[in-house]
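Here the sequence shown is numbered in UniProt numbering, starting from 1 and rising by one per residue. Written below as structure tokens is the structure these notes are about.
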Amino acid sequence: MDPNAFNAALNAPAGSAEQFQILSELRAVLEQQQSTVPIFLTTLAPRILIQPGESVIKQWMMDLLLFGLSQSSLVVDNRAQIASSTLDAQVSLLGEQATVYVKGGINCLAASYPLLFRVLCTNRSSRQQWDTISAAKSRILAMVEDTSLALGIRLSAIKFMQRAILVQTRGVNDPRLQNKADPNLTMCPTDHPFVSAQALETEGGELLKKCVMILYTSNNADILSSLVNTLAALFKMRPTLAAIVIQAVLKWTPQVAMSGQSAMSVRSVEKSIKILLHHIYKSPQGAPYTRDIADAIQTQTARMEAAAQEARRKRALEAEAANEAAKRTKIEATPVPTPPSAPTSVNLPTSTFANFDFSTLPLPLVIDILIANLAVLSEERLASAIVARKALLGRGAVVPLAADSVLQQDGPPLVAPTPQLPVSASQLESQSQLEVQPSEPEPVVKEEPLDPLKMDIDDDDLEYEPDKLNATAQAQVEAEEEQTQIAPLDPSTFSLPTPRDLSDSARNGLVKSSVTRIWDAGEEVLGRDVKGGSEVAVGLPPEEMWMLLIVRMISRGANGGRVKDEGGDERALVHNLAFREDGMRQMLLDYLLGDFGGRIRLAIVWMNEEWYNDRIQAKHDPSRERQYDIWLGRLASSLKARLEPKDKTFAKFLMELPSIPPNVLSLCRELAETPQQMGIGFAALREFIQLRPPVRPEAMRILLDLTAHPEKVTRNAAINTVRRWVPDVEPMNMGITSFAKKLLEQLQEGRHPFEEHEFPRYLPPKLELPAKKAEVIQHVELMFALSVRVPAFLDEIFAAYVHMEVSVQEAMQDLLAPLVRSLGPTNGKLLSLIKTFEPGAESLILRIIKILTENGRPNANLVALVKELISERNLDARFLMPIIGEMDKPDIVKNLPRIVSMLNGKPEPKALVKSAFQAIVAAPPESFTKGSSNQPRMKQSEQLTPVDLMVLLHEDKEIGIKPAMEAIGICFQIVDVFRSDVLAAVMQQLLDSATLPTLFLRTVIQAVTTYKNLVGFVSTTLLSRLITKKVWTNPPLWEGFIRCAKVIAPASFGALLQLPREQLKELISKQPALKEDLREYVVRRAGPKARLLEVFSDQPDPPPSAAPPDSAPPTAQGDAA
């Protein structure tokens, strides 16, 4: 092989004959030297196939790649290498615009899928290739039922589906009988890391069900034939599927899906089914179903024969109807004897067919005879025969001179007998030779033209009485022989006189009656053909020519229209003509509106004719008004009020139009804004964008405007329409993404991305602050929807958020919730954005973290990420709240001051801290038998006990007094956790510490106030321990002691009497209300009282002073602790 051959093809002019020749020769060489094909393809195919656009070399390379993948003479490993190295290039072909490349890509992937499956079953490290081929498989399988795609693409997709079913089902289990060239699930190990044999087998079964479903529902003969071939391959290569295939084929009948299709299409599919049944009948797998198959074949044969007989019967009826029509025409046009003509030397040739009535022959046979005779004639002989025929017609026509006297009689006008036409080439030639012989000169008479209006006698006014008509005609001839002479009239020189002018009313009545007769006669044909298809633009059959007759008579009848600058009578004449034309057009419009669905073909023909006529007239009169735009607008506006919600005819009608004026696009916008008709409007706009490049920019502008519509239903419908083109379909993708970015930028302070002429129709001119959520969502919902398909757009959202006003940011946080939930906590792009967010986006990140952790246990990666953010960026405690339940005890203790520092007396922080306490505190042991409403999400050993939390709140130096007081109050609100026994343990542990915390006695007072059963413990144990610790040496604690004693009095009197004399007097002086009760308590108390009563004497005492460190209490009561 010449190594420079391919370079020569690249350097040759694109699409030239030279390039074709070089590539053809190179292909022949490669097919002969197949060992070079793998090297050639693995090196060059990936670079050539990914090039944009269409080229001869690209298509040549694609065909060569298919050859290399499917050629059985190549080693399987080499073909697998080709498939592996060109996989990305094959997948890229699926996104091409040209059908030929999409088909080629599907065919290549159909050949690659079994090869790659075989390799990946043993290669456990190439997960990316498997993901790529799996994604391509999903795209291709979706094309099978997509009726909007070309038929060739769907057929290729069915071929791919066949390969997928073969691969994803099990072959022969015996390893000795397995075919390496037939990859299947038996080759896949059960412990494969990324190829799930069970999932593939399930999908293969679903694909087989889809084949059967399409077989029973599709009415396309090509699709059905392709499916029959697919089932044949499955039956042959997968014996385990034989029963399913046989049952599917046995139960198929054309009435299931092909009702209404042509007999030829039904017969084609029937033949394919019959061939498959015969193949199954002869195969070993079909042995158990022999009887059923034989019955099915017999039934199908009878059904096909009945269909054939019905077709023959219809053809016979059509031929008979044609014969009857010919005979009826012959009878109605009864020839009338003519007066003898001048002698002529022409002798007509005789023939064996002279007396044969050719009108009895079917029309197709007559056409075949004419074509066969014309085919054997030379041009010279045909030209001479035509000249002779014209001369014969010129001499054979006779016209009476006294025309008026004849027309006043009751008989029909006189006509010349029509000469017999030759029926063969030889007769035509002989006649031409006879015609050129000289003849005697005929007498010249004065020619007087007849008034055709006076000669027009309606056939309905004549009674068919042959004898009477013949007698009358003969009498007329005899009378005229005596009075007139007749002379031949040459038709080539004859001209009709000016027709009699009719009034406007008469003219309009005549036109209307003619149009009515035409469409009444053709409506049945039209209705029948509309059901069969919509091919009306080219090649109308003869029976549909009535449509062209109507529309051309209306659009071109007066060969005029509107004029803007004319004067005098000419302007008045044209205006009258245009007025009459408008009346006829209105009549046609009313007729179409009566049944638009059944008369859509007439509407399409009319609009195309109007458009074409406008172009013709514009060459002569550029100022002429365009009737196409006027009447299309009227038709579309009238249809708008009549369209049903699921109507499809309107969009089909618009797609057949030659041009789309702006008023029609505006109508589509109005339909899209109407809830009941929005499906019609969006379907039309979508088709315009996909299939009509001239109107694509304006249609896209309308559709993008609707993505920012204030109504949610309309906005969502528009967004669902445009996002199908992102990110793969250009140029739509570029326009959509640019518009979405500008909408987002419009929310940023000081930004105005839209030009004045392109500002979205439905957006407010200026965003009023504080922003309303309904207006914000108009700007961002399109970008949110696109972010699901293209996660990279999240960068745009996060970057724009920082520059938004606070009220807009708050609205954004709420609106982002559905998008964040759909992405989930495992989305890599979302986690990356959380890690790298810009300063100013803290509120958005916090909202996202809350959304990701609101249901279920937080993701471990998310927890680690939040911990890292808090550590690195010193974020506030709100970021801890969503993940606090997943933190271990050291982290909780470390971050507890940060959590409590949030408290500021407001309800919102208090609720957050309460939820955090409920998450980090383990319920007391008794609650486990009853069930805890807290439902901790981690092990109890990793949580704090209620006692631990209370002690930390009292002793942690980093927690301020006020936040600690509020946090302790929150603990008392969690009554199911901080019960009286828990609080007793807390007080005991705090009492045992070396240094009593400042808030200790405040907590004691709160505890005895909340739980009265703690009064005994406090009065007998806690107060006595405090006296032992000389609580009066700490002024804040001493104040708390005095208040606590008052709260639990008189239970505290026993402990108070343990105080030294000076401290007892100070307590009485600060709480005078206790003095009398305490005195009575001392009086009633047994034992020495004199010294204690001195404390209550009214004599003034020296100011109290702190007792010396070694002073002892006045009584010798032991410490209860």
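Cβ atoms here follow ideal geometry from the backbone N, Cα and C, with glycine treated the same way. Note that this is a predicted model, so its numbers are computed, not measured.
Between the Cα of arginine 1025 and the Cα atoms of Leu991, Ser92 and Ala302, which residue gives the shortest distance? Ranking the options by Cα distance to arginine 1025, first place goes to Leu991.
To the nearest angstrom, report how far apart alanine 817 and lysine 772 are at their CA atoms. Whole-angstrom Cα-Cα distance: 17 Å.
What is the DSSP secondary structure of arginine 32, reduced to helix, strand or coil? According to the sequence provided, residue 32 is glutamine. The question's arginine does not apply to it. The DSSP-derived three-state label of glutamine 32 is helix.
Cβ neighbour criterion (16 or more within 10 Å) applied to serine 226: So serine 226 counts as buried.
Can you tell me which of Ser272, Glu305 and Phe235 puts its alpha carbon nearest to the alpha carbon of serine 283? If we check each option's Cα against that of serine 283, Phe235 comes out closest.
Just how far apart, CA to CA, sit serine 1066 and proline 1072? It is glutamate, not serine, that sits at residue 1066 in the sequence shown. Roughly 10 Å separates the two Cα atoms.
Start-to-end residues for the alpha helix (DSSP H) that takes in serine 73: Note, serine 73: premise wrong, no alpha helix (DSSP H); not H, not E.
Which whole-angstrom value is the C-beta distance of valine 866 and phenylalanine 879, which I expect to be below 8 Å? A Cβ-Cβ separation of about 6 Å places valine 866 in contact with phenylalanine 879 under the 8 Å criterion.
So what does DSSP say about valine 398, is it helix, strand or coil? At valine 398 the pLDDT is 41, less than 50, meaning the model places this residue with poor confidence; the figure from the coordinates comes in the next sentence. Residue state, collapsed to three classes: strand.
Could you tell me whether the Cβ atoms of isoleucine 554 and leucine 588 are closer together than 7 Å? Isoleucine 554 places its beta carbon less than 7 Å from that of leucine 588.
Where residue 1133 sits in the DSSP three-state scheme: This structure does not reach residue 1133, given that the chain is present from 1 up to 1121, and the question cannot be answered.
So leucine 64 and glycine 104 are in contact, right, with Cβ under 8 Å, and what is the actual spacing, rounded? Contact check for leucine 64 and glycine 104: beta-carbon distance about 11 Å, past the 8 Å limit, so the pair fails to qualify.
Please determine, among Glu745, Leu823 and Ala785, the residue with the shortest C-alpha to C-alpha distance to residue 1158. This structure does not reach residue 1158, given that the chain is present from 1 up to 1121, and the question cannot be answered.
Could you tell me which of Pro46, Leu639 and Asn874 sits nearest to asparagine 895, measuring between CA atoms? It is Asn874 whose Cα lies nearest to the Cα of asparagine 895.
Please work out which residues of its chain come closer than 8 Å, Cβ to Cβ, to serine 73, disregarding the five sequence neighbours upstream and downstream, and give them in chain order. Here the set comprises Gln34.
Reduced DSSP category for methionine 264 - H, G, I as helix; E, B as strand; rest coil: Methionine 264 falls in the helix class under three-state DSSP.
Measuring only the C-alpha atoms, how far is leucine 556 from isoleucine 660? At residue 556 the sequence reads arginine, which differs from the leucine that was named. Rounded to the nearest angstrom, the gap between the Cα atoms of arginine 556 and isoleucine 660 is 21 Å.
DSSP beta-bridge partners for valine 921? In DSSP, valine 921 forms a bridge with Leu944.
Could you pull the DSSP bridge partners for glutamine 748 from this structure? DSSP output for glutamine 748 lists Met804 as bridge partner(s).
Is the number of C-beta pairs between the segment 668-685 and the segment 714-724 that are closer than 8 Å three or more? Short answer: they touch.
Same chain, Cβ closer than 8 Å to glycine 1040, neighbours up to 5 away in sequence not counted: The beta carbon of glycine 1040 lies closer than 8 Å to those of Phe1000, Leu1001, Arg1002, Val1004 and Ile1005 in the same chain, with the five residues before and after it left out.
Straight-line gap, threonine 1021 to alanine 985 (C-alpha atoms, nearest Å): For threonine 1021 and alanine 985, the distance between alpha carbons rounds to 13 Å.
Going by the CB atoms, is the gap between alanine 684 and leucine 654 shorter than 7 Å? Against a cut-off of 7 Å, the Cβ pair of alanine 684 and leucine 654 comes out as a contact.
Alpha helix (DSSP H) containing residue 1123: first to last residue? In the structure as shown, the chain begins at 1 and stops at 1121. Residue 1123 is therefore absent and cannot be evaluated.
CA-to-CA distance, methionine 258 to methionine 237, given in whole angstroms: Looking at the two C-alpha atoms, the distance is approximately 29 Å.
Contacts around alanine 967, its chain only, beta-carbon distance under 7 Å, and the 5 residues preceding and following it disregarded: Scanning its chain for C-beta atoms nearer than 7 Å, with the 5 sequence neighbours on each side dropped, one finds around alanine 967 the residues Val900, Leu903, Val913 and Leu953, in chain order.
Note down, in chain order, each residue of its chain lying with its Cβ closer than 7 Å to the Cβ of valine 195, except the 5 sequence neighbours on either side. Taken in chain order, the residues that qualify are Leu120, Cys121, Trp130 and Cys188.
Would you mind stating whether alanine 919 and glycine 885 have Cβ atoms separated by less than 7 Å? Yes, they are a contact pair.
Quick one: residues in its chain with C-beta nearer than 6 Å to the C-beta of phenylalanine 1017, no 5 flanking neighbours on either side, listed in chain order? The beta carbon of phenylalanine 1017 is closer than 6 Å to those of Ala984 in its chain, skipping five residues each way along the sequence.
Taking the alpha-carbon positions, what's the asparagine 323 to glutamine 261 distance? One Cα belongs to asparagine 323, the other to glutamine 261, and the distance between them is close to 28 Å.
Kindly indicate the opening and closing residues of the alpha helix (DSSP H) around proline 1035. It spans 1035-1048 - the alpha helix (DSSP H) in which proline 1035 sits, taken as one unbroken run.
Roughly how many angstroms lie between the CA atoms of isoleucine 297 and lysine 271, to the nearest whole one? The straight-line gap from Cα to Cα measures roughly 11 Å.
Give a yes or no on contact between the segment 752-761 and the segment 805-825, applying the rule of three or more CB pairs nearer than 8 Å. With a cut-off of 8 Å, the segment 805-825 and the segment 752-761 do not count as touching, because too few Cβ pairs lie within range.
Quick check: valine 37 and glycine 68, are their CB atoms within less than 7 Å of each other? Taking 7 Å as the Cβ cut-off, valine 37 and glycine 68 qualify as a contacting pair.
Among Ser807, Asp191 and Lys850, which has the Cα closest to the Cα of asparagine 123? For asparagine 123, the closest alpha carbon among the candidates Ser807, Asp191 and Lys850 is that of Asp191.
Whose C-beta lies closer than 8 Å to the C-beta of glutamate 698 among residues of the same chain, with five residues either side of it excluded? The residues are Pro662 and Leu665.
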